[in-house]
Amino acid sequence: MTTATKGDPLLRIAGGGLRIYDLGRPFTIGMPQSPNHPPYWHTLPRRHGDRVRADGGSAANDLISMGTHVGTHIDALAHVSQDGRLYGGGDAAAAGVGGRYEELGAHTIQPIVRRGVLLDVPAAIGERHCAPGYEITPADLETAVRRQGTAPEAGDVVLIRSGWGRHFDDPDRNVYIGQDSGVPGVSEAGARWLAERRVHAVGADTIAFERLAPGAGHAALPAHRVLLVEHGIYIIEAMALEDLAAAGVHEFLFVLSPLALYGATGSPARPLAVVTGA
5 MTTATKGDPL
15 LRIAGGGLRI
25 YDLGRPFTIG
35 MPQSPNHPPY
45 WHTLPRRHGD
55 RVRADGGSAA
65 NDLISMGTHV
75 GTHIDALAHV
85 SQDGRLYGGG
95 DAAAAGVGGR
105 YEELGAHTIQ
115 PIVRRGVLLD
125 VPAAIGERHC
135 APGYEITPAD
145 LETAVRRQGT
155 APEAGDVVLI
165 RSGWGRHFDD
175 PDRNVYIGQD
185 SGVPGVSEAG
195 ARWLAERRVH
205 AVGADTIAFE
215 RLAPGAGHAA
225 LPAHRVLLVE
235 HGIYIIEAMA
245 LEDLAAAGVH
255 EFLFVLSPLA
265 LYGATGSPAR
275 PLAVVTGA
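Numbering-wise (the numbering used here), the sequence shown opens with residue 5 and increments by one.
Shown next, in the form of structure tokens:
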């Protein structure tokens, strides 16, 4: 290690101790997911003992199949179009010729190391968690900002806690999906509130970021249109935000590096919130 490297402020901060909050969900067979995407599957085509080297060594390996919008993941800008157009006005049909999105695919999402802000909506409105199908409005977001003193700024990553994440591990995976009950989330107006602040990315503890009306499922996703298509703001879904909220951490270093899946519409992710302190 050179003298210059030893003097790097980042290394000095890390040496003083960091607390890392894992905001990603474990990828498991049968986990709740949108019915629009291929499910996660994992198997071992080779197990220890299937082949043993002369020296007694053996190795196991894996085969994984899944959609890129399953589990904790980030949406690339190629994921959603409106009236045949992608972010920036490109023709959506033409962009997919060849079976991949070269200009707006997941490989174009740069690693994210930015200021993160958690807006704890239930705490702001005096509840333990938002009700099924609750629509998070600009007024709710403003209330959270005032309560916490953490105003989103341009370039930030803003995470919205609804409390719905408590259902992710429910034995009945349909509870988290919320087809019948609806799922709380950001309204179209709330998405515009975030876009006006020129944030880099947003995330939530729900399956689709935005509010899903009872019985409607994914029939209408206006917040996706506002964020991805109109403003080029990435969306991270199915996040684990309970530990972060319980610790009262509302401002942190946010770290996420998507897989460079060339031409894909999204990527599995394991986002982190990092603060100082052992």
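Idealized CB from N, CA, C, for every residue including glycine.
Asked                                                                                                                                                              : Found
What runs of the alpha helix (DSSP H), each 4 residues or longer, lie entirely inside the region 148–234?                                                          : 177–181 and 192–200
So, with DSSP's three-state summary, where would you put E146?                                                                                                     : helix
Going by DSSP, what residue range makes up the beta strand (DSSP E) through A277?                                                                                  : L276 to T280
Spatial neighbours of I129 within its chain, please: CB distance less than 8 Å, with the 5 preceding and 5 following residues excluded, ordered by chain position. : D144 and T147
Could you have a look at Y91 and say whether DSSP puts it in helix, strand or coil?                                                                                : helix
How many angstroms separate the CA atom of S271 from the CA atom of A251?                                                                                          : 28 Å
Which one or two residues does DSSP pair with P272 in a beta bridge?                                                                                               : H77
Can you check whether the CB of G88 is closer than 7 Å to the CB of A80?                                                                                           : no
Is R16 helix, strand or coil by DSSP?                                                                                                                              : helix
Start and end of the beta strand (DSSP E) containing V117?                                                                                                         : I116 to D124
Taking the beta carbon of H52 as the centre, do at least 16 other beta carbons fall within 10 Å, making it buried, or is it exposed?                               : exposed
With a threshold of 8 Å, are at least 3 pairs of Cβ atoms found where one atom belongs to the region 218–229 and the other to the region 157–171?                  : no
Less than 7 Å between the C-beta atoms of Y91 and V233, yes or no?                                                                                                 : yes
Where P36 and N178 are concerned, what is the direct C-alpha to C-alpha distance, given to the nearest angstrom?                                                   : 7 Å
What residues are listed by DSSP as bridge partners for I68?                                                                                                       : H46
Out of T76, V162 and H222, which has the shortest C-alpha to C-alpha gap to V206?                                                                                  : V162
With distances taken from CA atoms, which of H222, R150, I239 and A193 is nearest G182?                                                                            : H222
Which residues does DSSP pair with V259 in a beta bridge?                                                                                                          : V117 and L276
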